[in-house]
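Q: The sequence shown begins at 5 in my numbering and counts up one residue at a time.
Glycine residues also receive a C-beta, built at the ideal position from the N, C-alpha and C atoms.
First, the structure itself, so that you have it in front of you.
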Amino acid sequence: VLCWFYIFPVYRLPRDKEIVEEVLRQGEIWQKNQTGIDLYRKLLTDCCDPQRMFAVTKENSPMGKVLWYDGEFYHSHTVNNETYPLFVQDNPLQLPLKKCAVVGNGGILRHSKCGRHIDQADFVMRCNLPPLSKEYVEDVGTRTHLVTANPSIIEKRFQNLLWSRKAFVDSMKVYGSSYIYMPAFSMKPGTDPSLRAYYALADTSSNLTMLFANPEFLRTVGKFWKARSVHAKRLSTGLFLISLALGLCEEVTAYGFWPFSVGLDEQPVSHHYYDNILPYKWFHAMPEEFVQLWHLHKSGTLRMRVGHCP
Ligand code: CDP
Numbered sequence: 005v006l007c008w009f010y011i012f013p014v015y016r017l018p019r020d021k022e023i024v025e026e027v028l029r030q031g032e033i034w035q036k037n038q039t040g041i042d043l044y045r046k047l048l049t050d051c052c053d054p055q056r057m058f059a060v061t062k063e064n065s066p067m068g069k070v071l072w073y074d075g076e077f078y079h080s081h082t083v084n085n086e087t088y089p090l091f092v093q094d095n096p097l098q099l100p101l102k103k104c105a106v107v108g109n110g111g112i113l114r115h116s117k118c119g120r121h122i123d124q125a126d127f128v129m130r131c132n133l134p135p136l137s138k139e140y141v142e143d144v145g146t147r148t149h150l151v152t153a154n155p156s157i158i159e160k161r162f163q164n165l166l167w168s169r170k171a172f173v174d175s176m177k178v179y180g181s182s183y184i185y186m187p188a189f190s191m192k193p194g195t196d197p198s199l200r201a202y203y204a205l206a207d208t209s210s211n212l213t214m215l216f217a218n219p220e221f222l223r224t225v226g227k228f229w230k231a232r233s234v235h236a237k238r239l240s241t242g243l244f245l246i247s248l249a250l251g252l253c254e255e256v257t258a259y260g261f262w263p264f265s266v267g268l269d270e271q272p273v274s275h276h277y278y279d280n281i282l283p284y285k286w287f288h289a290m291p292e293e294f295v296q297l298w299h300l301h302k303s304g305t306l307r308m309r310v311g312h313c314p
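Dropping the structure here:
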């Protein structure tokens with residue numbers, strides 16, 4: 005057994021409890037490390053070129069370009085007369101972004117009082133069209149500059165926009181004039197709902213700007229983390245956004261990343277700040293992701309807020 009272990013050392017992920025204890029030991033101590041920040045920006049730029057590639061643009065995806073779906077094998081979309089006009093010309097963000105807040109949907113945000121902190125960032129990114137109603141404002145803030153939307157939400161929550169376009173457009177108003185970032189070319193069944201969402205917003209002169217996530221960017225970011233011990237069928241939305249932020253922002257603070265059922269006070273924590281619906285078990289590897297993010301926190305490359313905000 006010993007020999008076998010030496011030949012194939014097994015990477016053992018620390019159990020949830022051990023991670024929680026480690027976080028407790030570290031406490032709220034955090035020291036910004038400019039070298040770490042510069043290094044990660046360079047690593048991410050070299051692998052994934054977020055500045056140029058994070059969205060599908062007219063510049064990186066001209067007519068006739070084949071976009072290979074990153075979430076499944078052997079499916080592609082060739083940019084055509086129907087899709088090309090829907091792409092933005094080029095990366096529309098004013099770079100570099102200064103202080104960015106990436107807000108995950110973890111239950112630790114509940115009663116965190118982090119809303120004010122989040123709203124002080126220059127650029128706020130959120131995941132999966134999260135609720136921002138009054139009861140949550142104190143904990144999660146109100147401002148949004150970029151929000152992701154999974155095509156499955158369009159199908160489930162808005163009946164694929166077949167008769168609920170108004171409900172969709174109205175519920176998007178809480179995100180102000182932000183970018184809505186949709187992985188339209190990740191899974192084949194997601195393309196149609198994403199295009200419908202684009203038209204629903206465009207037809208009502210909404211303040212939101214649709215950006216389609218570039219499948220090539222998502223694929224390269226997936227590889228980047230795979231090489232760093234994140235083994236999942238697919239990265240979580242939150243890790244994609246943190247990777248984007250590390251590539252584009254001068255300083256990144258992450259809130260609501262806590263994929264454990266127990267909090268630092270040993271009290272139960274719900275999966276989301278607004279419900280306790282658990283994810284599909286083997287799809288993401290959120291605890292593995294958390295370990296990597298905590299390394300970055302310890303090295304001063306990004307700041308993770310896992311407790312209450314002062
Ligand atoms: O769709 P997905 O399961 O990726 O995301 P979500 O449940 O809407 O949450 C948004 C993001 O927050 C996730 O992608 C995770 O990165 C993060 N999250 C977390 O770290 N801990 C939780 N308990 C829940 C979400």
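DSSP three-state call for Phe172: helix, strand or coil?
A: As a working note, residue 172 is residue 168 in the sequence shown. In the structure shown, Phe172 sits in a helix (DSSP, three-state: H, G or I).
Q: My guess is that Val106 and Asn218 are in contact by the Cβ rule of under 8 Å, so how many angstroms apart are they, rounded?
A: Here residue 106 refers to the residue found at position 102 of the sequence shown. Here residue 218 refers to the residue found at position 214 of the sequence shown. About 19 Å; that fails the 8 Å criterion.
Q: What does DSSP give as the partner residues of Cys253 in its beta bridges?
A: Counted from its first residue, the sequence shown places residue 253 at position 249. Answer is Leu101.
Q: For Ser303 and Trp167, I'd like the C-alpha separation in whole angstroms.
A: If you number the sequence shown from 1, residue 303 lands on position 299. If you number the sequence shown from 1, residue 167 lands on position 163. Cα-Cα distance, rounded: 49 Å.
Q: Three or more C-beta pairs under 8 Å: does that hold for the region 183-194 against the region 31-39?
A: Taking 8 Å as the limit for Cβ pairs, the verdict is that the region 31-39 does not touch the region 183-194.
Q: For Val144, report the span of its alpha helix (DSSP H) as first-last.
A: As a first step, residue 144 must be located in the sequence shown, where it is residue number 140. That run of the alpha helix (DSSP H) goes Lys138 to Val144.
Q: Apart from the five residues on each side of it in sequence, which residues of its chain come closer than 6 Å, Cβ to Cβ, to Arg169?
A: Mapped onto the sequence shown, residue 169 falls at position 165. Closer than 6 Å at Cβ, skipping near neighbours: Ala204.
Q: Going by DSSP, name the residue or residues bridged to Pro272.
A: The residue given as residue 272 occupies position 268 in the sequence shown. Answer by DSSP bridge pairing, in chain order: Val266.
Q: Counting only the same chain and skipping the five closest in sequence on each side, list residues whose C-beta sits under 6 Å from that of His121.
A: As a working mapping, residue 121 is identified with position 117 in the sequence shown. Same-chain partners within the cutoff: Cys313.
Q: I think Met129 touches His115, with their Cβ atoms under 8 Å apart; what is that distance to the nearest whole Å?
A: For the purposes of this step, residue 129 is taken as the residue at position 125 of the sequence shown. For the purposes of this step, residue 115 is taken as the residue at position 111 of the sequence shown. About 22 Å; that fails the 8 Å criterion.
Q: Is Ser116 a contact residue of the ligand CDP, with contact defined as CB to any heavy atom under 8 Å?
A: Translated into positions along the sequence shown, residue 116 becomes position 112. Because no heavy atom of the ligand CDP lies under 8 Å away, the Cβ of Ser116 does not count as near it: no.
Q: Cβ-heavy atom distance between Phe228 and the ligand CDP below 8 Å?
A: The count along the sequence shown starts at 1 and reaches residue 228 at position 224. For the ligand CDP, not one heavy atom lies less than 8 Å from the Cβ of Phe228.
Q: How is Ser156 classed by DSSP in three states: helix, strand or coil?
A: On the sequence shown, position 152 is the one that residue 156 refers to. Looking at Ser156 - three-state DSSP - the assignment turns out to be helix.
Q: Is the separation between the beta-carbon of Pro155 and that of Met191 shorter than 9 Å?
A: Stepping through the sequence shown from its first residue, residue 155 is reached at position 151. Stepping through the sequence shown from its first residue, residue 191 is reached at position 187. Closer than 9 Å, so yes.
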